[in-house]
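Engineer: Following my numbering, the numbering of the sequence shown begins with 298 at its first residue and continues without gaps. Using N, Cα and C, we set each Cβ at its ideal position, and we do this for glycine too. The structure's right below; bear with me while I get my questions together.
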Amino acid sequence: MTAPVSRALALRLPAGLRAGWLARPGLRAAVACAGGGALFALSAPPRAAVWGPWLAFVPFLFAARALRAAPRRVAFGAGLLGGVVFAGLAFRWLPHPLEHFHGVAPAWGALLLALFALWTALPWGLWLLLVARGPREGALSILWPALCWAPLGALWPTVFPHTPVLGLVDMPAFAQLAELGGVALVETPPLIVAALLVAAARVPSRRARVAHVGGALALVALVGGLGALRIASLDARRAAAPTLRVGVIQPNGAVRPASYAAHAERLHRASARAAERGAELLLWPEAGAYP
């Protein structure tokens, strides 16, 4: 194993493991990517952990650095595995509705989940390959993972629109960038933070390491601070906005009632009661209101 590979994925392991299968950079990179994919999935709602998306790209980027000289299939396979782990865990609920609402056998549900996870993971493999073959030094090396991720995420057909950084919704301030650039812009800061942290582990001087880590923390604070200011401004605008009292009329009638006249009378009576309570706008149901 070359020295750069050893440094990029250095693990404190017993001598037997260091000399065994985990000493192979491709397998160590695969383990790192699988861990990153699991961290993304486990950070997503309902157990959202806002710190997870800020750190989960780190093992992927360590793996990419370790695989610069590896065959393309190895880099692609490591990224693919990370994506499969993410999709398999994040969408582990998928077989349940297939079984209960469509009568799909459990084995077929598991197979469909596996195929879905594989399809979802393909751009992850392409992304890791592009990062592994990308710039090694300078500002472009910090931006490169984000520059590769955004186009793949935008162009790849998805069954369920999703993002691995969904855990950021636990602190809405981190998601406010979506107003300016959609999901891709929300995903960009975690990618840059991960690149800065990985670069900090490689630079020789302590001053440079502090600068990289400080830059990562500053970016997190900047995104959160700007998002908090945006939320505060929206709250202020909402408080100053004019209000309209809305009444929702829902008599739970049949789609084809036996008597449309009787059904309309129920709607009118409920509407009158809502108007007496101050409703300025009345919403009727879309079904069964008129013949």
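If we call anything under 8 angstroms between Cβ atoms a contact, is P392 one with A407?
Structural biologist: Indexing the sequence shown from 1 puts residue 392 at position 95. Indexing the sequence shown from 1 puts residue 407 at position 110. Against a cut-off of 8 angstroms, the Cβ pair of A407 and P392 comes out as a contact.
Engineer: In terms of alpha-carbon separation, which member of V401, W390, G374 and G435 lies closest to P420?
Structural biologist: Numbered from its first residue, the sequence shown carries residue 420 at position 123. Looking at the Cα atoms, G374 is the closest of the given residues.
Engineer: Okay, do the segment 503–514 and the segment 467–481 touch, 3+ Cβ pairs below 8 angstroms being the bar?
Structural biologist: Cβ pair count under 8 angstroms is below three, so no.
Engineer: Which partner residues does L579 have in the DSSP bridge list?
Structural biologist: Mapped onto the sequence shown, residue 579 falls at position 282. Its beta-bridge partners are G544.
Engineer: Quick check: the Cα distance between F354 and W441, rounded to an integer number of angstroms?
Structural biologist: Stepping through the sequence shown from its first residue, residue 354 is reached at position 57. Stepping through the sequence shown from its first residue, residue 441 is reached at position 144. Using only the alpha carbons, I get a separation of about 13 angstroms.
Engineer: Which residue spans inside the segment 404–490 form an unbroken alpha helix (DSSP H) run of at least 4?
Structural biologist: If we require 4 residues or more, the alpha helix (DSSP H) runs fully inside the segment 404–490 come out as 435–452.
Engineer: Can you give me the start and stop residues for the alpha helix (DSSP H) that F357 sits inside?
Structural biologist: Mapped onto the sequence shown, residue 357 falls at position 60. Taken as a continuous stretch (DSSP letters only), the alpha helix (DSSP H) holding F357 covers F354 to A363.
Engineer: For the pair the segment 366–373 and the segment 333–341, tell me if three or more CB-CB distances fall below 8 angstroms.
Structural biologist: Too few Cβ pairs lie closer than 8 angstroms, so no.
Engineer: In chain order, what residues of the same chain have a beta carbon less than 7 angstroms from the beta carbon of A341, not counting five sequence neighbours either side?
Structural biologist: Position 44 of the sequence shown holds residue 341. Around A341: A387, L463 and G464.
Engineer: Below 8 angstroms on the Cβ atoms is my contact criterion, and I expect L493 with W446 to pass it. Report the Cβ-Cβ distance as a whole number of Å.
Structural biologist: The residue given as residue 493 occupies position 196 in the sequence shown. The residue given as residue 446 occupies position 149 in the sequence shown. With a Cβ gap of about 15 angstroms, L493 and W446 do not count as contacting.
Engineer: What is the rounded straight-line gap between the Cα of A377 and the Cα of W416?
Structural biologist: As a first step, residue 377 must be located in the sequence shown, where it is residue number 80. As a first step, residue 416 must be located in the sequence shown, where it is residue number 119. First, the amino acid is wrong: residue 377 is Leu here, not Ala. Each residue's Cα considered, the two are about 9 angstroms apart.
Engineer: If you follow the alpha helix (DSSP H) that A327 is in, where does it begin and where does it stop?
Structural biologist: What you label residue 327 is simply residue 30 of the sequence shown in a count that begins at 1. P322 to L339 is the span of the alpha helix (DSSP H), which, as asked, contains A327.
Engineer: Quick check on R344: does DSSP put it in helix, strand or coil?
Structural biologist: In the sequence shown, residue 344 corresponds to position 47, counting from 1. Coil.
Engineer: So for L391, helix, strand or coil by DSSP?
Structural biologist: Here residue 391 is taken as the residue at index 94 of the sequence shown, counted from 1. Coil, per DSSP.
Engineer: Check this for me: beta carbons of L578 and V543, under 8 angstroms apart or not?
Structural biologist: By 1-based counting over the sequence shown, the position of residue 578 is 281. By 1-based counting over the sequence shown, the position of residue 543 is 246. Yes.
Engineer: Distance check for L426 and A443, CA to CA, integer angstroms please.
Structural biologist: Numbered from 1 along the sequence shown, position 146 holds the residue referred to as residue 443. Numbered from 1 along the sequence shown, position 129 holds the residue referred to as residue 426. Looking at the two C-alpha atoms, the distance is approximately 13 angstroms.
Engineer: Would DSSP call L319 helix, strand or coil?
Structural biologist: Your numbering for residue 319 matches position 22 in the sequence shown. At L319 the pLDDT is 48, less than 50, meaning the model places this residue with poor confidence; the figure from the coordinates comes in the next sentence. Helix.
Engineer: Return the CA-CA distance between S530 and A326, expressed in angstroms with no decimal places.
Structural biologist: Position 233 of the sequence shown holds residue 530. Position 29 of the sequence shown holds residue 326. Cα to Cα, the separation comes out at about 44 angstroms.
Engineer: Could you check which residue in G435, A561 and A366 has the C-alpha nearest to that of A505?
Structural biologist: For the purposes of this step, residue 505 is taken as residue 208 along the sequence shown, with counting starting at 1. Among G435, A561 and A366, the Cα nearest to that of A505 is on G435.
Engineer: Nearest CA to the CA of A361: which residue from I439, A411, P394 and V382?
Structural biologist: Start at 1 with the first residue of the sequence shown, and residue 361 comes out as number 64. Considering only alpha carbons, the answer is I439.
Engineer: Can you tell me whether P368 is buried or exposed? The criterion is at least 16 other CB atoms within 10 Å of its CB, across all chains shown.
Structural biologist: Here residue 368 refers to the residue found at position 71 of the sequence shown. It is exposed - the Cβ of P368 has fewer than 16 other Cβ atoms within 10 Å.
Engineer: So, using beta-carbon positions, are G323 and L339 closer together than 8 angstroms?
Structural biologist: For the purposes of this step, residue 323 is taken as the residue at position 26 of the sequence shown. For the purposes of this step, residue 339 is taken as the residue at position 42 of the sequence shown. Not in contact: G323 and L339 (Cβ atoms no closer than 8 angstroms).
Engineer: Considering only residues of the same chain and omitting the five flanking positions on each side of G575, which have a CB-CB separation below 7 angstroms?
Structural biologist: Within the sequence shown, the letter at position 278 stands for residue 575. Hits under 7 angstroms: R542.
Engineer: Buried or exposed, going by whether 16 or more other CB atoms sit within 10 Å of the CB of L452?
Structural biologist: Along the sequence shown, one-based indexing puts residue 452 at 155. By the 10 Å Cβ count, L452 comes out exposed.
Engineer: I need the DSSP call for R499, collapsed to helix, strand or coil.
Structural biologist: For the purposes of this step, residue 499 is identified with residue 202 of the sequence shown, where counting begins at 1. Coil, per DSSP.
Engineer: Quick one: what's got a C-beta closer than 6 angstroms to A491's C-beta in the same chain, skipping five residues either side?
Structural biologist: Counting from 1 along the sequence shown, the entry for residue 491 is found at position 194. Answer for A491: F354, V355 and L358, listed in chain order.
Engineer: Among residues of its own chain, excluding the 5 on either side of V495, which ones have a beta-carbon nearer than 7 angstroms to its beta-carbon?
Structural biologist: Start at 1 with the first residue of the sequence shown, and residue 495 comes out as number 198. So the qualifying residues of the chain are V355, L358, F359 and R362.
Engineer: The alpha helix (DSSP H) spanning A366 covers which residue range?
Structural biologist: In the sequence shown, residue 366 corresponds to position 69, counting from 1. Premise fails: A366 is in no alpha helix (DSSP H) and is neither H nor E.
Engineer: Which class does P350 belong to by DSSP, given the choice of helix, strand or coil?
Structural biologist: Here residue 350 is taken as the residue at index 53 of the sequence shown, counted from 1. Three-state result, P350: helix.
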